[in-house]
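J.: Taken in sequence, the protein lines are chains G and S. Under this note's numbering, the letters of the first sequence match residues 21 to 316, in that order. Under this note's numbering, the letters of the second sequence match residues 928 to 1192, in that order. Structure incoming, see below.
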Amino acid sequence: MLLVFIKERILNNIKKNITPWLFLLPFLVVYALFMIFPLVRGIQMSFYHKSYFSGSKFIGFGNYQAVLSDPTFNQDIFNVFYFAVATVIISVFLSLVVAAIFNRKGVTTYIMRSFIVAPLVLSVSVIGVLWQLLFTSGPGNSLLGIILGKDVQVLTSPFLSMWLIIIATLWWTLGTNVIIFSAGLQSIPLECYEAANLDGASSVRIFFSITLPLLSPLIVVVIILQTIASFQLFGQPFIITAGGPFNTTATPLMYIYGYLATNVGFASAASVILFFMMLVVSFVELFIISRGETVD
Amino acid sequence: MALILSLGIVWIIPLLWPISTSLRSVASFFKAPNLFLPLDGITSTNYKDVVSIVPIGRWYLNSFLISLIVTIVVTMIDFLAAYPLARIKFFGNRIVYFFIIAGLMIPFTVLLVPLYDFINKLGLVNTYWGIMLPQLASPFGVFLLRNYLLSIPKELDESAMIDGAGTFRIAYRIIFPNSIPGIVTVAIFTFLRSWNNLIWVIVATQNPMLYTITAGLTSITSTNVPNYVTIRATACIIGGLPLYILFFVIQKYIIRGLSLQSGLK
């Protein structure tokens, strides 16, 4: 009798611990096959040179040396840094301002905010084709020419091409950050503002002493997400400028894409370098931001 | 208020030009290429031409089927994984959750080369399988759904358990109906991400008949298409406008998804 009872308890216990894994199984299989395995395999491949004649050969850090000494890759890294710094700063600042301006009720406000947010559902191809057409066959150059007071051809100027890509990206993705900050603003209790008003604080003072500190965890999230997305820049330059003029808008991901079919080891090494850089930059950002907070 | 209006209007202006161009004849376009509104008459020729010049219908169908299948599979397996992580105490819960969340740190960039190598070895380059399979792993969906499931009151499971319902029954009868908003959010994000995936589609196939609308749009160039500007603007509108309009319907879910993603409730 007791034995049966114990046996049942053990069986029950096993069953209780196996059922959750049955639920997790399909996801874990897909996750292992298409994320973990490729990740490990990619790092492994980056240490090999693969050719059709001699097969795979271990060459240590050979691919890394080759990638890092290629001036084209270094130019691409510089380009993407430039792009990331510009987009992260402008996007965080602008989306905070927009979210603050639009932080009120009303149908018009809601509709106008929707117009700013809506482009985020469009594909990078639509964004790319749209802005590329505007500045090749459309009114882009002449409109900008009127504003600047001289003739411009945006897509032949390295500086303006990069800024076209930055602006197209902001037009596309600003809404994401606006939504996050808007939700953040709405979660700040009204009492905070009422108390500050009673103390006679100005609205600028309120923004810097109440709104900004309370939003700071969200600002960290937005900065990190925006940085990671920026480093993987591909579609916009691929479509708008094809990396030109003179490789000034090409990115590491375009570089990897270029070597994908011809030299896997080389392309893998470039991906690992890019991944590593993204990790380092994210951690540096986290470190700087968290230190800034403790000093305050 | 004036500021709000002008910001909103600035944001729609870039869209007006391709819409206007797609509605104008080639001749009138070249007379005045800069019009933001089709003031010199509207024609639907471009829309008829684009269908005969590029397989845009096929691209649309591909996009729709690929995104739909990816969405159904991802939402299902992500819900199944999120359920025990959020609702059951079992050995290894925290470790496996951490293992899955670590996946959020893996950018697609680093997977691109080995994934191409992988499907190449499996002989899946230039197939729908090759395009779809690597899109099925989405730790983001598990993360989002787990957070959503945590907000459902524990008493629901407990009372069901007292009534004698097993784990599967609880998942299906209690948790699933209560997490529909979270599931819809994950489904919308997965669908959009799959629909908008450019780099993987052009890596996994070189066959234009397998292209999605997102990949197909980039293949329309001045060298392979007559009346390139009007045709490309028209294809751009066909590819973008339906989603743009859909946004206004599903806006609520997108806002919820982004708030959940950034850690807000």
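In this text, a Cβ means the ideal position worked out from N, Cα and C, and glycines have one as well.
Taking a Cβ distance cut-off of 7 Å, strictly less, list which residues of the stretch 1041–1055 of chain S are near chain G, in chain order.
T.: P1041, L1042, Y1043, D1044 and F1045
J.: Would you verify that the beta carbon of N1154(S) is, or is not, closer than 9 Å to some beta carbon of chain G?
T.: On the second sequence, position 227 is the one that residue 1154(S) refers to. Output row for N1154(S): interface = no.
J.: Can you check whether the C-beta of S1106(S) is within less than 9 Å of a C-beta belonging to chain G?
T.: Against the second sequence, residue 1106(S) aligns to sequence position 179. So, not an interface residue.
J.: What does a CB cutoff of less than 7 Å around T269(G) pick up in its chain, not counting 5 residues either side in sequence?
T.: Locating residue 269(G) in the first sequence gives position 249, where the first residue counts as 1. Correct list, in chain order: N99, S181, M182, I185, P257, T261 and G263.
J.: Kindly indicate if chain G contains any beta-carbon less than 9 Å away from that of T998(S).
T.: Position 71 of the second sequence, counted from the first residue, corresponds to residue 998(S). Interface with chain G (9 Å Cβ-Cβ cutoff): T998(S) is excluded.
J.: Suppose you measure from the CA of Q95(G) to the CA of F1070(S); what does that come to, to the nearest Å?
T.: By 1-based counting over the first sequence, the position of residue 95(G) is 75. By 1-based counting over the second sequence, the position of residue 1070(S) is 143. Roughly 36 Å between the two C-alpha positions.
J.: Using a Cβ cut-off of 7 Å, pull out every chain S residue sitting near N37(G), in sequence order please.
T.: By one-based count along the first sequence, residue 37(G) stands at place 17. Simply F1017 and F1018.
J.: How would you call W1056(S), buried or exposed, if buried means at least 16 neighbouring beta carbons within 10 angstroms?
T.: If you number the second sequence from 1, residue 1056(S) lands on position 129. Under this definition W1056(S) is an exposed residue.
J.: Are the beta-carbon atoms of A138(G) and G204(G) separated by less than 9 Å?
T.: Counting from 1 along the first sequence, the entry for residue 138(G) is found at position 118. Counting from 1 along the first sequence, the entry for residue 204(G) is found at position 184. No, the Cβ-Cβ distance between A138(G) and G204(G) is not below 9 Å.
J.: Can you find a C-beta in chain S that's less than 9 Å from the C-beta of M55(G)?
T.: As a working mapping, residue 55(G) is identified with position 35 in the first sequence. Taking Cβ atoms only, chain S reaches closer than 9 Å to M55(G), which makes this a yes.
J.: Could you list the residues in the stretch 952–982 of chain S with a C-beta less than 9 Å from some C-beta on chain G, going in chain order?
T.: F956, P960, N961, L962 and F963
J.: Counting only C-beta atoms, is P1197(S) closer than 9 Å to chain G at any point?
T.: Residue 1197(S) cannot be examined here, being either before or after the span of chain S that is shown, 928 to 1192.
J.: What are the boundary residues of the alpha helix (DSSP H) that K390(G) is part of?
T.: The requested residue 390(G) is not part of the displayed model; chain G covers only 21 to 316.
J.: Give every residue of the same chain whose Cβ lies closer than 8 Å to the Cβ of N1123(S), excluding the five residues on either side of it in the sequence, and list them in chain order.
T.: Here residue 1123(S) corresponds to residue number 196 of the second sequence, with the count starting at 1. Correct list, in chain order: T1141.
J.: Compute every distance between the C-beta of A106(G) and the non-hydrogen atoms of the ligand MG, then say whether any falls below 8 Å.
T.: Among the components modelled here there is no ligand, and therefore nothing to report on the ligand MG.
J.: Only counting the same chain, and skipping five residues up and downstream in sequence, which positions put a Cβ closer than 8 Å to that of L154(G)?
T.: Taking the first sequence and counting its residues from 1, the one referred to as residue 154(G) is at position 134. Within the same chain, G160 come within 8 Å of L154(G) by CB-CB distance, once the 5 residues on both sides are set aside.
J.: I want to verify the contact list: residues of chain S whose CB lies under 7 Å from the CB of F135(G), in sequence order.
T.: Locating residue 135(G) in the first sequence gives position 115, where the first residue counts as 1. Within 7 Å Cβ-Cβ: G935, W938 and I939.
J.: Could you have a look at F254(G) and say whether DSSP puts it in helix, strand or coil?
T.: Stepping through the first sequence from its first residue, residue 254(G) is reached at position 234. Coil at F254(G), not helix or strand.
J.: Terminal residues of the continuous beta strand (DSSP E) containing S76(G)?
T.: Sequence index remark: in the first sequence, residue 76(G) carries index 56 (1-based). Here the beta strand (DSSP E) through S76(G) covers G75 to F78.
J.: I need the boundaries of the alpha helix (DSSP H) containing N197(G), first residue and last residue.
T.: Taking the first sequence and counting its residues from 1, one reaches residue 197(G) at position 177. Taken as a continuous stretch (DSSP letters only), the alpha helix (DSSP H) holding N197(G) covers P178 to Q206.
J.: To the nearest angstrom, how far is it from the Cα of T948(S) to the Cα of C212(G)?
T.: As a position in the second sequence, residue 948(S) is number 21, starting the count at 1. As a position in the first sequence, residue 212(G) is number 192, starting the count at 1. Their Cα atoms are separated by approximately 51 Å.
J.: Report yes if the C-beta distance between R1128(S) and F1006(S) is below 9 Å; otherwise report no.
T.: Taking the second sequence and counting its residues from 1, the one referred to as residue 1128(S) is at position 201. Taking the second sequence and counting its residues from 1, the one referred to as residue 1006(S) is at position 79. Reading off the sequence shown, one finds Val at residue 1128(S), where the question assumed Arg. No, they are not a contact pair.
J.: State yes or no: is the beta carbon of M1088(S) nearer than 9 Å to at least one beta carbon in chain G?
T.: The count along the second sequence starts at 1 and reaches residue 1088(S) at position 161. Taking Cβ atoms only, chain G never reaches closer than 9 Å to M1088(S), which makes this a no.
J.: Taking Cβ positions only, does A1092(S) come closer than 9 Å to chain G?
T.: Taking the first residue of the second sequence as position 1, residue 1092(S) is located at position 165. A1092(S) does not count as touching chain G.
J.: Between I1046(S) and N283(G), what straight-line distance do the alpha-carbon atoms span, to the nearest angstrom?
T.: For the purposes of this step, residue 1046(S) is taken as the residue at position 119 of the second sequence. For the purposes of this step, residue 283(G) is taken as the residue at position 263 of the first sequence. If you take the alpha carbons of I1046(S) and N283(G), they lie about 16 Å apart.
J.: Shorter than 9 Å from the beta carbon of Y51(G) to some beta carbon of chain S?
T.: Here residue 51(G) refers to the residue found at position 31 when the first sequence is read from its first residue. True, the Cβ-Cβ gap to chain S drops below 9 Å.
J.: Would you report the Cα separation of L175(G) and I1004(S), rounded to the nearest angstrom?
T.: Within the first sequence, the letter at position 155 stands for residue 175(G). Within the second sequence, the letter at position 77 stands for residue 1004(S). Going from the Cα of L175(G) to the Cα of I1004(S) covers about 45 Å.
J.: Can you give me the Cβ contacts of Q1178(S) inside the same chain, cut-off strictly under 6 Å, excluding the 5 residues immediately before and after it?
T.: Locating residue 1178(S) in the second sequence gives position 251, where the first residue counts as 1. There are no such residues.
J.: When the distance is taken between beta carbons, is P272(G) closer than 9 Å to F251(G)?
T.: The residue labelled residue 251(G) in the question sits at position 231 within the first sequence. The residue labelled residue 272(G) in the question sits at position 252 within the first sequence. Yes, the pair counts as a contact, with Cβ atoms nearer than the cut-off.
J.: Does Y1075(S) come out as helix, strand or coil in the three-state DSSP assignment?
T.: On the second sequence, residue 1075(S) is found 148 positions in, with the first residue counted as 1. Three-state result, Y1075(S): helix.
J.: Measuring straight from C-alpha to C-alpha, what distance separates L210(G) and K125(G)?
T.: Position 190 of the first sequence holds residue 210(G). Position 105 of the first sequence holds residue 125(G). Rounded to whole angstroms, L210(G) to K125(G) spans 15 Å at the Cα level.
J.: With 16 as the cutoff for other CB atoms within 10 Å, does K1192(S) come out buried or exposed?
T.: As a position in the second sequence, residue 1192(S) is number 265, starting the count at 1. Only weak support is given to the placement of K1192(S): the predicted model assigns it a pLDDT of 49, under 50, and the question is left unresolved by the model.
J.: Do G2(G) and P1041(S) have their CB atoms nearer than 9 Å?
T.: Residue 2(G) cannot be examined here, being either before or after the span of chain G that is shown, 21 to 316.
J.: Give, in chain order, every residue of the stretch 1127–1159 of chain S whose Cβ lies closer than 7 Å to some Cβ of chain G.
T.: V1130, T1141, L1144, T1145, V1156 and R1159
J.: Straight-line CA distance for I993(S) to A215(G)?
T.: In the second sequence, residue 993(S) corresponds to position 66, counting from 1. In the first sequence, residue 215(G) corresponds to position 195, counting from 1. One C-alpha to the other measures close to 54 Å.
J.: Can you name the start and end residues of the alpha helix (DSSP H) that T948(S) belongs to?
T.: The residue labelled residue 948(S) in the question sits at position 21 within the second sequence. Unbroken alpha helix (DSSP H) run through T948(S): A929 to S949.
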